[in-house]
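According to the working numbering, the stretch in the sequence shown is residues 315 to 518, in order.
Cβ coordinates follow ideal geometry from the N, Cα and C atoms, glycine included.
Working notes, structure below.
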Amino acid sequence: MTQKTYIQSYIQIENNEIVLNGESVFKIEQTDFADFSKQAYRHFEIQYPKFFKMDALSKLAFLGADLLLSPIVSDEKENNIALVLANNSASLDTDVKHQESISDKGNYFPSPAVFVYTLPNICLGEISIRHQLKSENSFFIFDTFNTEFMSNYSNILLNSNKAETVLCGWVELFNNNYKAFLCTIGTNENLKITNETINTLYNK
């Protein structure tokens, strides 16, 4: 029997602001993403030193995921939360930096710390390590956010009992332009977001 699924919570990160379930919870004056992400990390008192070694895309996904997942994960049981993310430019922001490090033959010094992040799905690994997730995860590349696909894919995972909750969404970052929209989807009815869809929330 197919269960009806509901958006449990959602977060948007862009233009130096974080909006959680429709409420602005962090906003600063115009700055670059590196500074914004550092200030957000400290504002929410996140304790995860490895954050500062991540590439920008992973920091963006990590921040959004942490604010959504920290209230619902448990240390006492396995958290069956699937991760389904997508973007347009994959890991191009890091790829450019890596290419620059190997293009100059007179100053050839490719950094392993940069090379590690030349795959977009590495950010899924960072989220999984942080929240001790061993569930299914996928990262897709689309021209634009394919809300219908992401919603259908999430529903399949929930209705096939491959996940109890799905964190899905869009995390795009290239050349300091960024936008994240993440939401958790589950089978518990949420009266506050009952009539909202991924598409309407993403485009708010």
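Return the CA-CA distance between LYS391 and ALA477, expressed in angstroms with no decimal places.
Counting from one through the sequence shown, the residue named residue 391 turns up at place 77. Counting from one through the sequence shown, the residue named residue 477 turns up at place 163. Per the coordinates, the alpha-carbon of LYS391 lies some 14 Å from the alpha-carbon of ALA477.
Quick one: any contact between the segment 485-493 and the segment 317-335, if contact means 3 or more CB pairs under 8 Å?
Yes, since at least three Cβ pairs between the segment 485-493 and the segment 317-335 fall closer than 8 Å, the two stretches touch.
If you follow the alpha helix (DSSP H) that GLU462 is in, where does it begin and where does it stop?
For the purposes of this step, residue 462 is taken as residue 148 along the sequence shown, with counting starting at 1. Here the alpha helix (DSSP H) through GLU462 covers 461-473.
Rounded to whole angstroms, what's the CA-CA distance from TYR467 to GLN353? Just pull it up for me.
In the sequence shown, residue 467 corresponds to position 153, counting from 1. In the sequence shown, residue 353 corresponds to position 39, counting from 1. Taken atom to atom, the span from the alpha-carbon of TYR467 to that of GLN353 is near 34 Å.
What number of angstroms, rounded off, separates the C-alpha of ASN504 from the C-alpha of LEU399?
For the purposes of this step, residue 504 is identified with residue 190 of the sequence shown, where counting begins at 1. For the purposes of this step, residue 399 is identified with residue 85 of the sequence shown, where counting begins at 1. In a straight line, the C-alpha of ASN504 is about 22 Å away from that of LEU399.
Who are GLN326's beta bridge partners in DSSP?
In the sequence shown, residue 326 corresponds to position 12, counting from 1. BP columns for GLN326 point to VAL333, PHE495.
Compare the beta carbon distance of LYS373 and PHE347 with 9 Å and say whether it is the shorter of the two.
Counting from 1 along the sequence shown, the entry for residue 373 is found at position 59. Counting from 1 along the sequence shown, the entry for residue 347 is found at position 33. A distance below 9 Å separates the beta carbons of LYS373 and PHE347.
Are GLN446 and VAL387 touching if we call contact CB-CB under 9 Å?
Position 132 of the sequence shown, counting from 1, holds the residue named residue 446. Position 73 of the sequence shown, counting from 1, holds the residue named residue 387. The Cβ atoms of GLN446 and VAL387 lie closer than 9 Å to each other.
Taking the alpha carbon of GLU359 as the point to measure from, which residue in SER384, LYS411, VAL333 has its own alpha carbon closest?
Looking up residue 359 in the sequence shown gives position 45. Nearest option by C-alpha distance: SER384.
Compare the beta carbon distance of LEU397 and ILE441 with 9 Å and say whether it is the shorter of the two.
Counting from 1 along the sequence shown, the entry for residue 397 is found at position 83. Counting from 1 along the sequence shown, the entry for residue 441 is found at position 127. Between LEU397 and ILE441, the CB-CB gap stays under 9 Å.
Return yes when the Cβ of ILE455 is within less than 9 Å of the Cβ of ASN401, no when it is not.
Within the sequence shown, residue 401 is the residue found at index 87, counting from 1. Within the sequence shown, residue 455 is the residue found at index 141, counting from 1. With respect to the 9 Å criterion, ASN401 and ILE455 are classified as neighbours on the basis of their beta carbons.
Run of the alpha helix (DSSP H) containing ASN513, from where it starts to where it stops:
Counting from 1 along the sequence shown, the entry for residue 513 is found at position 199. 512-516 is the span of the alpha helix (DSSP H), which, as asked, contains ASN513.
Grab the span of the alpha helix (DSSP H) containing LEU377 for me, first residue to last.
In the sequence shown, the residue the question calls residue 377 occupies position 63. Per DSSP, LEU377 belongs to the alpha helix (DSSP H) from 370-383.
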